[in-house]
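Protein chains in written order, with the working numbering: chain A, 472 to 839; chain B, 249 to 508. Glycine is no exception: its CB is placed at the ideal position from the N, C-alpha and C atoms. Note that this is a predicted model, so its numbers are computed, not measured. Below you'll find the structure, written out as structure tokens, and then a few comments.
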Amino acid sequence: MKLEKVTSPHLHGRSDTGHVMRLVILATLPGLVALTWFFGWGVFINLLWAWIVALGFETLVVKIRKRPLGYYINDYSALVTATLLGLALPPLAPWWLTVVGVGFAIVIAKHLYGGLGSNPFNPAAVGYVVLLISFPAEMSSWVPARGIEAAVTPGFIDSLSSIFPVFGNLLGQPNVDIITQATPLDLFKQKQGLTTAEIWQPGSAFGHFAGVGWEWVNLGFLVGGIFLLQRRIIYWHIPVSMLGTLLLMSLIFWGGSGSESNGSPMFHLFSGATMLCAFFIATDPVTAATSTRGRLMYGAGIGLIIYVIRVWGNYPDAVAFAVLLMNFCAPLIDQYVQPRTYGHSQGQNKGHKQNKSKNSTSDQSDDS
Amino acid sequence: MATSADNNELEELDSTADAEQTAEQESLNYKQITSDGLWKKNAALAQLLGLCPLLAVSGSVVNALGLGLATMLVLTSSNLVVSLIRHQANETIRLPVFVMIIAALTTCVELLMQAFAYELYQILGIFIPLIVTNCIILGRADAFASKNPPLVAALDGFMMGAGFALVLVALGVIREILGLGTLFANMELLLPFASNWEIVIISNYSGFLLAILPPGAFIGLGLLIALKNNIDDNQAKRKAAKDGAPVAGSKRVRVTGNIS
Numbered sequence: 472m473k474l475e476k477v478t479s480p481h482l483h484g485r486s487d488t489g490h491v492m493r494l495v496i497l498a499t500l501p502g503l504v505a506l507t508w509f510f511g512w513g514v515f516i517n518l519l520w521a522w523i524v525a526l527g528f529e530t531l532v533v534k535i536r537k538r539p540l541g542y543y544i545n546d547y548s549a550l551v552t553a554t555l556l557g558l559a560l561p562p563l564a565p566w567w568l569t570v571v572g573v574g575f576a577i578v579i580a581k582h583l584y585g586g587l588g589s590n591p592f593n594p595a596a597v598g599y600v601v602l603l604i605s606f607p608a609e610m611s612s613w614v615p616a617r618g619i620e621a622a623v624t625p626g627f628i629d630s631l632s633s634i635f636p637v638f639g640n641l642l643g644q645p646n647v648d649i650i651t652q653a654t655p656l657d658l659f660k661q662k663q664g665l666t667t668a669e670i671w672q673p674g675s676a677f678g679h680f681a682g683v684g685w686e687w688v689n690l691g692f693l694v695g696g697i698f699l700l701q702r703r704i705i706y707w708h709i710p711v712s713m714l715g716t717l718l719l720m721s722l723i724f725w726g727g728s729g730s731e732s733n734g735s736p737m738f739h740l741f742s743g744a745t746m747l748c749a750f751f752i753a754t755d756p757v758t759a760a761t762s763t764r765g766r767l768m769y770g771a772g773i774g775l776i777i778y779v780i781r782v783w784g785n786y787p788d789a790v791a792f793a794v795l796l797m798n799f800c801a802p803l804i805d806q807y808v809q810p811r812t813y814g815h816s817q818g819q820n821k822g823h824k825q826n827k828s829k830n831s832t833s834d835q836s837d838d839s
Numbered sequence: 249m250a251t252s253a254d255n256n257e258l259e260e261l262d263s264t265a266d267a268e269q270t271a272e273q274e275s276l277n278y279k280q281i282t283s284d285g286l287w288k289k290n291a292a293l294a295q296l297l298g299l300c301p302l303l304a305v306s307g308s309v310v311n312a313l314g315l316g317l318a319t320m321l322v323l324t325s326s327n328l329v330v331s332l333i334r335h336q337a338n339e340t341i342r343l344p345v346f347v348m349i350i351a352a353l354t355t356c357v358e359l360l361m362q363a364f365a366y367e368l369y370q371i372l373g374i375f376i377p378l379i380v381t382n383c384i385i386l387g388r389a390d391a392f393a394s395k396n397p398p399l400v401a402a403l404d405g406f407m408m409g410a411g412f413a414l415v416l417v418a419l420g421v422i423r424e425i426l427g428l429g430t431l432f433a434n435m436e437l438l439l440p441f442a443s444n445w446e447i448v449i450i451s452n453y454s455g456f457l458l459a460i461l462p463p464g465a466f467i468g469l470g471l472l473i474a475l476k477n478n479i480d481d482n483q484a485k486r487k488a489a490k491d492g493a494p495v496a497g498s499k500r501v502r503v504t505g506n507i508s
């Protein structure tokens, strides 16, 4: 009988990168369905297009880098990036917007830094920020959600021909009229002294407790996130501390329902990309902090920055900015909250500082 | 221990100064000065000096060329003047003297631009007076011009300035094409005869703001540096392959059979 010697980790079950990434994509399904229902087929078309573009760029860069193509494509990380970016784009974003965003995410944010595992910044967030600061008009034209009075949810053909004007020309529909409207977060920000009750009219963009459609989208991503937690793909620390901090901030600075209101906690938790960020973007294992306490601090930082920019900043939502800013801080956080090493007392393993001074003193004594 | 470390440091400094001096003597040949300034020790791509103006005004070709020429002019003339007075300015007062010379020359350039390219002067704004603080200029004055004869020093200044200006213009070309879809727009601000130089590369271009904003400058410069390193690497590899080419014929030592 042959006894195989296997080194640690002695894991059972599949845990390769591709498997994890496929589950992450699967978990976005409830949110994707909600987005497609409320904003039309454009969301779905965008997502498919983003996948194609991502695979194209990944193939191209891997070929240029002379690496094995199958290994890189099979980790599904490019598709996860494309999924997250595709879900965040406005439903009728023109095709080149997706190409620029996904291209930037895959080529510059991921592969120029050395590929998956070496990228300091979340590729999807980088792609989104590039698009947001470069093409503010295209990035803020959302169609109103189904259920709003003025809403005309574009059908499949309309969506397709406004994303790809080529198809519109082929089908004899060169110009598609699309109504766009600001998102609830934007409307709330621009309410110009109205009270919450005054803008929360029936038929407006505001629904039961957040925006029409958006509350369902966020619930969808929440369900997907709980699925990921249950499958132990992500840890609870980042989502809980992020949502907790956002809840705390929106409680402290709520301001009631008057004209000075900054929005209720429910409004902030279920608007914009809050849930997508909490469970899918912030939990990226490569760019987030890695220790338990580090994860708590990292999530709290994201929640704090999101609230600060939403309420006092210039942008209606701030998920990508918050994630990128905390990506900057993740190595620093990890440096200062290193967990206790087994067999050492607390505080004995506090990073480079002590080691370095020890080394340098020994060097000096060697010299003399 | 501390004193020994200090001594080591001093010795290191001395040795580097010696090395510099010998290098300086060797670099008297013009070809090497040219290749150093334009490529090998390029101020922007190899030494990474003067990044503030480089990143701030390279949004379009006309801005880049304007500042590049101004820097070149100041660098060439400051190297020349510093070299002329190198025996009079002693160690203790040389830095203030150099700074005064550079400031005077920068003021001259500023007044010239005000007179002949007023709109460009207004666009470049604070970055014209800031040429004084450009590390390249003081660096070359102290490291090269104060130890070399005037003609050599002036050539070094010219080539260093040209290398810097070329990188500025290259970055300007990249950022203008990507950001605005045009090339050589508004060139008449600098060259009065160039009013119809504008080339529209992409018509109906909606603009790519990132390339115009500061991140575009950082990304563009990073890619340019990567390109330079890549070219240098390839060259070194080719040279190594050439030098290490095997000599034809057998190099085996014959140990069997009849050795006649």
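Taking 8 Å as the Cβ-Cβ cut-off, the stretch 579-605 of chain A approaches chain B at I579, V601, I604, S605, given in chain order.
Assignment of beta-bridge partners to B/L431 by DSSP yields B/I447.
Between A/G695 and A/A498 a beta carbon distance of about 4 Å is seen, short of the 8 Å cut, so the two are scored as contacting. Within chain A, no residue has its CB atom less than 8 Å from the CB of B/F466, the nearest being about 11 Å off. With respect to the 8 Å criterion, B/Q295 and B/K289 are classified as neighbours on the basis of their beta carbons. For A/T812, no alpha helix (DSSP H) encloses it, and the DSSP letter there is neither H nor E. Using a Cβ-Cβ cut-off of 8 Å, B/L461 counts as an interface residue toward chain A, since at least one Cβ of chain A sits closer than that to its own. Pairing B/I349 with B/L386, the inter-Cα distance amounts to about 10 Å. DSSP places A/H490 inside the alpha helix (DSSP H), whose first and last residues are 488-498.
According to DSSP, A/F677 shares a beta bridge with A/G682.
The secondary-structure analysis by DSSP pairs A/I619 across a beta bridge with A/R617. Within the stretch 308-323 of chain B, not one residue has a Cβ closer than 9 Å to any Cβ of chain A.
In the same chain as A/A595, and ignoring 5 residues on each side of it, the C-beta atoms closer than 7 Å to its own belong to T552, L555, L556, A576, I752, in chain order.
For the pair B/Y453 and B/S308, the Cα-to-Cα distance works out to about 16 Å.
Counting C-beta pairs with one atom in each stretch, the stretch 628-641 of chain A and the stretch 709-717 of chain A have fewer than three that are closer than 8 Å, which means they do not touch. For B/L457, the nearest beta carbon of chain A is closer than 8 Å to its own beta carbon. No Cβ-Cβ contact shorter than 8 Å links A/K660 with A/I670. According to the DSSP secondary-structure assignment, A/Q652 is paired through a beta bridge with A/W613. Around the C-beta of A/V514, 16 or more other C-beta atoms lie within 10 Å, and the residue is accordingly described as buried. For B/D480, the uninterrupted alpha helix (DSSP H) run begins and ends at 462-491, by DSSP. Excluding residues up to 5 positions away in sequence, G691, V694, G695 lie with their Cβ nearer than 6 Å to the Cβ of A/P501 in the same chain. Contact between A/S762 and A/P810 holds, since their C-beta atoms are separated by about 5 Å, short of 8 Å.
No residue range can be given for A/F750, since it is assigned to no alpha helix (DSSP H) and is classified by DSSP as neither H nor E. Between the C-alpha atoms of A/P636 and A/W685 there is a straight-line separation of about 28 Å.
Nearest to A/F799 by alpha-carbon distance, out of A/Y769, A/D487, A/G734, is A/Y769.
Around B/G316, the same chain offers F412, A413, L416, V417 as residues with beta carbons nearer than 7 Å, after the five sequence neighbours per side are excluded. Counted as a single uninterrupted DSSP element, the alpha helix (DSSP H) harbouring B/Q362 occupies residues 342-364. Shortest Cα-Cα distance from A/G572 to any of A/Y813, A/M610, A/G588, A/D546 involves A/M610.
Relative to A/P736, the option among A/L747, A/R781, A/A793, A/T758 whose CA is nearest is A/R781. In this structure, the beta-carbon distance from B/G497 to B/I422 does not fall below 8 Å. B/D491 sits exposed, since fewer than 16 C-beta atoms from the chains shown fall within 10 Å of its C-beta. One thing to note: B/L353 has its Cβ within 8 Å of the Cβ of B/V322. Taking B/I449 as the centre and dropping the five residues before and after it, the same chain places the C-beta of I425, G429, T430, L431 closer than 7 Å to its C-beta, in chain order.
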